[in-house]
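Structure record follows, encoded as structure tokens.
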Amino acid sequence: MKRGCFLAGWALLLCLAGTFPARAQFGNASFSFLDMANSARIGAMGAEFLSARDADITLSLSNPSLITEEIHNHLAFNYVNYFNGTNYGFVSYSRTFERLGSFALHAQYGNYGKIYVMDEFGNEYGTASANDFAMILGWGRELDTHFTIGANFKMIYSQMEAYNAFGMAVDVSATYSNKSRLFAVSLLLRNMGGALKSYDHAGYTRMPFEVAVALSQKIPHAPFRLFMEFPNLQKWDLNYEDPYAQQDLLTGEVERRSKAADFFDNLARHVVVGLELIPYRGFYVRASYNYMRARDMRQVDKSGVVGFSWGVGFRISKFNFSYSRSRYHILGAPNYISMTLDLDAFGKGKETRAMKAYRKADQK
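Sequence positions in the sequence shown follow numbering that gives the first Met the number 0 and run 0 to 363.
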């Protein structure tokens with residue numbers, strides 16, 4: 000009965016998702032900082048959200064169906080050093096109540112550094128600041144041994160110089176994992192909402208709405224976990240007019256690619272692939288490739304390793320640390336730093352829910 004209600008509910012949500020304009024996240028959206036990968040593990044995978052049932056609270060901000068009792072009493076700190084003085088991150092805490100389910104509270108922020116105020120002639124009149132903030136309450140519940148569902152309710156405030164905006168949004172997701180937890184797949188509907196107050200008082204504007212699917216597979220008795228994300232499923236055509244496209248020398252017309260080339264280019268833009276290597280218990284090496292990022296941010300004469308991301312993670316005593324870099328452009332790469340701890344582990348030496356999950360995951 001529970002599973003039937005679950006499937007019916009998700010069918011309804013998918014129908015509702017179809018009523019959102021497909022271009023909501025491309026140049027016509029508010030609070031785009033919500034799209035940025037925040038945790039080091041997600042950054043290393045070159046993705047925006049992940050699916051893995053292994054007691055990692057940092058994944059629950061983007062995937063609320065991973066808010067389970069396995070992250071009860073967990074605390075996380077995440078910081079991202081982005082480009083040109085921009086930095087952002089979040090703080091998370093989760094707690095489980097027997098009858099109500101599991102909850103997570105996140106405080107998310109984005110700071111865009113010092114902005115110089117100038118007129119149209121280039122005369123400087125001082126500096127200004129720009130910041131984004133979001134308070135997010137997440138809820139998750141385990142329906143049975145395989146299915147979990149969850150939702151995040153977001154209240155967002157943005158301040159740019161003397162202008163500000165306020166909005167609300169909801170994320171909903173569901174995750175299926177097999178009995179061994181080696182395989183997991185998640186469906187996410189993100190940023191269903193909009194700005195109730197915009198910077199220019201223009202009225203309601205949409206959030207960067209997205210439908211995405213992610214899956215993970217740990218290879219049995221091998222130190223590998225594979226990750227895949229399929230982002231922006233609400234819109235097939237993610238291509239654009241290439242400013243570097245070759246032109247016909249006689250007519251000046253831009254040479255068009257074949258339909259097959261366009262199809263496979265768009266298909267690749269909907270796929271992000273990553274690998275997590277676990278050579279030793281409590282130590283992780285991560286790497287990924289994001290084709291869309293590589294194509295959009297490349298330079299014709301020098302592409303470098305744009306689109307690739309990498310990172311490491313390790314466990315020391317009761318603390319988990321992760322670091323990663325994502326190559327967005329040849330001029331630089333953001334640095335992601337995450338730290339999580341299980342507060343129950345500071346008790347009387349009792350094995351916690353998360354410790355059991357870590358031990359089982361490392362042994363498989």
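The beta-carbon is built from N, C-alpha and C at its ideal position, and this holds for glycine as well.
Could you work out which residue in the options is closest to residue i when comparing CA atoms only?
{"i": "T339", "options": "I329, K196, R314, G331", "result": "R314"}
{"i": "S157", "options": "Q107, G84, A293, G125", "result": "Q107"}
{"i": "L181", "options": "R94, F226, D264", "result": "F226"}
{"i": "L232", "options": "A201, R268, T204", "result": "R268"}
{"i": "V210", "options": "F345, T144, F48, A183", "result": "F48"}
{"i": "H200", "options": "R140, N80, A164", "result": "A164"}
{"i": "R324", "options": "N80, E69, I155", "result": "N80"}
{"i": "M291", "options": "W309, N83, V184, F229", "result": "F229"}
{"i": "Y288", "options": "G281, L33, G306", "result": "G306"}
{"i": "I114", "options": "L99, A161, D143, G100", "result": "A161"}
{"i": "M117", "options": "Y111, L33, A127", "result": "A127"}
{"i": "L237", "options": "F208, D295, G100, H220", "result": "D295"}
{"i": "D341", "options": "L74, L60, Y78, F282", "result": "L74"}
{"i": "Y283", "options": "I329, G312, V304, D53", "result": "G312"}
{"i": "I135", "options": "M159, D143, A103, G109", "result": "A103"}
{"i": "N319", "options": "N334, N110, G281", "result": "G281"}
{"i": "Y327", "options": "M35, F223, F30", "result": "M35"}
{"i": "I277", "options": "F208, A344, F223", "result": "F223"}
{"i": "S179", "options": "W138, I218, F263", "result": "I218"}
{"i": "D53", "options": "S257, Q216, G273", "result": "Q216"}
{"i": "G273", "options": "F76, N83, D261, S308", "result": "S308"}
{"i": "L385", "options": "H105, A344, V304, S197", "result": "Because the chain is modelled from 0 through 363, residue 385 falls outside the range shown and cannot be assessed."}
{"i": "Y335", "options": "F76, N62, K153", "result": "F76"}
{"i": "M275", "options": "S185, L33, L214, N86", "result": "The identity of residue 275 in the sequence shown is Glu, whereas the question assumes Met. Cα-wise, what sits closest to E275 is L214."}
{"i": "V212", "options": "D55, S61, F30", "result": "S61"}
{"i": "S337", "options": "F32, T57, S31", "result": "T57"}
{"i": "N110", "options": "L65, L33, S197", "result": "L33"}
{"i": "F89", "options": "F208, Y78, A221", "result": "Y78"}
{"i": "G193", "options": "G112, S31, T85, T204", "result": "T204"}
{"i": "A286", "options": "R297, Q298, V271", "result": "V271"}
{"i": "S316", "options": "K234, Y279, A344", "result": "A344"}
{"i": "I66", "options": "L195, Y322, A293, L142", "result": "L142"}
{"i": "S59", "options": "F152, S257, A259", "result": "F152"}
{"i": "I155", "options": "Y175, D261, G310, L195", "result": "L195"}
{"i": "L139", "options": "I70, A183, M167", "result": "Reading off the sequence shown, one finds Gly at residue 139, where the question assumed Leu. G139 has its Cα closest to that of I70, out of I70, A183, M167."}
{"i": "P63", "options": "F82, F30, H105, N83", "result": "H105"}
{"i": "W235", "options": "S257, N265, Q298", "result": "N265"}
So what does DSSP say about residue i, is it helix, strand or coil?
{"i": "S64", "result": "helix"}
{"i": "I329", "result": "coil"}
{"i": "L74", "result": "strand"}
{"i": "L186", "result": "strand"}
{"i": "L340", "result": "strand"}
{"i": "F32", "result": "helix"}
{"i": "A293", "result": "helix"}
{"i": "G26", "result": "Only weak support exists for where G26 lies, its pLDDT of 40 falling under 50; the value from the coordinates is given anyway. In this structure, G26 counts as coil in the three-state DSSP scheme."}
{"i": "T57", "result": "helix"}
{"i": "A43", "result": "helix"}
{"i": "F345", "result": "helix"}
{"i": "E97", "result": "coil"}
{"i": "P20", "result": "At P20, the pLDDT of 34 sits below 50, so the modelled position is not reliable; the number obtained from the coordinates is stated separately. If DSSP states are grouped into helix, strand and coil, P20 belongs with coil."}
{"i": "E69", "result": "helix"}
{"i": "Y87", "result": "strand"}
{"i": "M117", "result": "strand"}
{"i": "A37", "result": "Checking the sequence shown, residue 37 turns out to be Asn, not Ala. N37 falls in the coil class under three-state DSSP."}
{"i": "K196", "result": "strand"}
{"i": "R52", "result": "coil"}
{"i": "S316", "result": "coil"}
{"i": "V305", "result": "coil"}
{"i": "L13", "result": "At L13, the pLDDT of 37 sits below 50, so the modelled position is not reliable; the number obtained from the coordinates is stated separately. In this structure, L13 counts as helix in the three-state DSSP scheme."}
{"i": "A201", "result": "coil"}
{"i": "R285", "result": "strand"}
Tell me the DSSP bridge mates of residue i?
{"i": "A191", "result": "For the sequence presented, residue 191 should be read as Met rather than Ala. BP columns for M191 point to V169."}
{"i": "L104", "result": "Y92, L136"}
{"i": "N334", "result": "N80, R324"}
{"i": "K178", "result": "Partner(s): none; K178 has no beta bridge."}
{"i": "Y124", "result": "None; Y124 has no bridge partner."}
{"i": "G109", "result": "Y87, D131"}
> Any chance the stretch 112-132 sits against the stretch 36-44, with 3 or more Cβ pairs inside 8 Å?
Replying inline: no
>> Threshold first: 3 residues or longer. Then list the beta strand (DSSP E) segments lying entirely within the stretch 203-280, N to C.
In response: 209-217, 223-229, 271-279
> If we count Cβ pairs, one from each stretch, closer than 8 Å, do we get three or more for the stretch 171-178 versus the stretch 142-152?
Replying inline: yes
> Where are the alpha helix (DSSP H) runs, 4 residues long or more, that stay fully inside the stretch 135-172, in chain order?
Replying inline: none
> Taking one C-beta from the stretch 115-127 and one from the stretch 76-96 each time, how about it: are there three or more such pairs within less than 8 Å?
Replying inline: no
> Is it a yes or a no for the stretch 48-65 touching the stretch 179-198, going by three-plus beta-carbon pairs under 8 Å?
Replying inline: yes
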